[in-house]
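**Student:** If you scroll down you'll find the structure; I have some questions about it.
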Ligand SMILES: Cc1ncc(COP(=O)(O)O)c(C=O)c1O
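Numbering (our numbering), first residue to last: 39 to 367.
Here's what the structure looks like:
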């Protein structure tokens with residue numbers, strides 16, 4: 039079977055698409071939320087859609103051990119360990135500090151705690167060590183011991199991983215038909231390693247909707263993220279609809295990153311409170327709060343019209359609320 043059609047099942051149902059009545063009333067436009075934070079093992083989150091094809095590829099290559107680079111509060115690593123548990127595979131998390139400790143229990147709480155519960159094999163490397171070199175060294179050692187290792191691409195953002203969000207775009211298009219007459223005007227997502235956004239853009243463009251995908255960067259503060267997303271998006275389109283004249287509709291805003299990746303912002307903190315108070319939904323300080331802060335800002339500054347429809351992708355990360363428990367002290 040063609041690699042791009044080969045998937046392992048990590049999600050047993052579509053994620054729900056929910057209307058947010060109170061946030062919509064407060065801000066103006068009709069706002070929906072796609073609950074990709076729910077469902078799946080290891081606590082769920084956006085990486086599971088990506089891992090469905092990546093792990094299928096690993097299994098196809100007879101791999102028995104999945105290796106991922108991350109940090110102690112990595113959602114990507116936590117979700118990979120959960121998926122590996124489910125499938126009876128081994129996993130190794132190669133870790134170094136990417137976010138300065140935010141409180142005395144930062145490296146023990148949240149994702150770190152959940153990984154510990156799953157007995158994750160965490161190998162801490164030195165700050166100056168290069169992730170790729172270390173993962174390859176660990177893979178060589180595993181091979182010598184008779185294992186078959188497979189290295190997960192950064193953030194799960196290669197072609198196979200990003201296709202998971204093409205699936206998500208198609209899922210949304212079908213779900214939205216049940217609630218609104220035309221396709222959504224905006225899709226809002228945080229963007230880090232780029233695959234989630236690239237898949238969404240490609241999906242809505244291939245379906246020939248006029249939907250605009252607006253990504254708020256949480257990692258890169260410069261146009262590098264544009265290059266990453268565009269190149270992944272083109273790769274998806276070339277694979278799914280080669281030689282087409284599709285016009286992708288998207289924008290990436292890097293103004294809501296704040297000081298750095300993993301450092302909470304004031305606007306993000308307010309966005310977390312607002313969603314919790316109005317809708318009982320929790321966003322995280324690292325990813326979704328920064329995208330929601332961007333969305334709120336765009337609506338208040340009339341960059342998004344009050345008559346438009348919006349879908350916010352909740353990409354997960356709830357354990358980070360606990361890791362950053364002292365944000366609201
Ligand atoms: C909760 C959450 N949202 C968004 C992202 C970013 O997704 P991507 O790396 O596909 O841009 C991540 C990545 O780790 C994440 O954990």
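For every residue, glycine included, the Cβ atom is placed at its ideal position computed from N, Cα and C.
1) Relative to the C-alpha of residue 109, which residue among 131, 348 and 127 is closest?
2) Sort out for me which residues DSSP pairs residue 51 with in a bridge.
3) In whole angstroms, give me the CA-to-CA distance for residue 190 and residue 134.
4) Between residue 328 and residue 243, what straight-line distance do the alpha-carbon atoms span, to the nearest angstrom?
5) State the start and end residues of the unbroken beta strand (DSSP E) segment that holds residue 255.
6) Can you give me the C-alpha to C-alpha distance between residue 101 and residue 129, rounded to a whole angstrom?
7) Report the three-state DSSP secondary structure of residue 195 (helix, strand or coil).
8) Please tell me whether, using a cut-off of 8 Å, the distance from the CB of residue 322 to the nearest non-hydrogen atom of ligand 1 is below it.
9) Taking the straight line between their C-alpha atoms, what separation do you get for residue 176 and residue 299?
10) Specify, as a first and last residue, the run of the beta strand (DSSP E) that residue 175 falls within.
11) If you scan the region 196 to 255 from start to end, which runs of the beta strand (DSSP E) of 3 or more residues do you find wholly inside it?
12) Just verifying my parser: in three-state terms, what is the DSSP assignment at residue 370?
13) Run through the region 57 to 133 for me and flag every whole beta strand (DSSP E) of 3 or more residues, listed as ranges in chain order.
**Tutor:** In this structure, then:
1) The shortest Cα separation from residue 109 among 131, 348 and 127 belongs to 131.
2) The partner list for residue 51 (beta bridge, DSSP) is empty, contrary to what the question assumes.
3) In this structure, the straight-line span from the alpha carbon of residue 190 to that of residue 134 is close to 16 Å.
4) So the alpha carbons of these two residues sit roughly 25 Å apart.
5) From DSSP, the beta strand (DSSP E) with residue 255 extends over 250 to 255.
6) Rounded to whole angstroms, the gap between the alpha carbons of residue 101 and residue 129 is 10 Å.
7) In the displayed model, residue 195 falls within coil according to three-state DSSP, outside both helix and strand.
8) It does: the Cβ of residue 322 is within 8 Å (strictly closer) of some heavy atom of ligand 1.
9) Computed Cα separation, rounded: 27 Å.
10) No beta strand (DSSP E) holds residue 175; the alpha helix (DSSP H) holding it covers 169 to 182.
11) Correct list: 224 to 229 and 250 to 255.
12) Past the boundaries of the shown model lies residue 370; the chain is included only from 39 to 367, so the question cannot be answered.
13) As far as the region 57 to 133 is concerned, its whole beta strand (DSSP E) runs of at least 3 residues are 68 to 73, 103 to 108 and 128 to 133.
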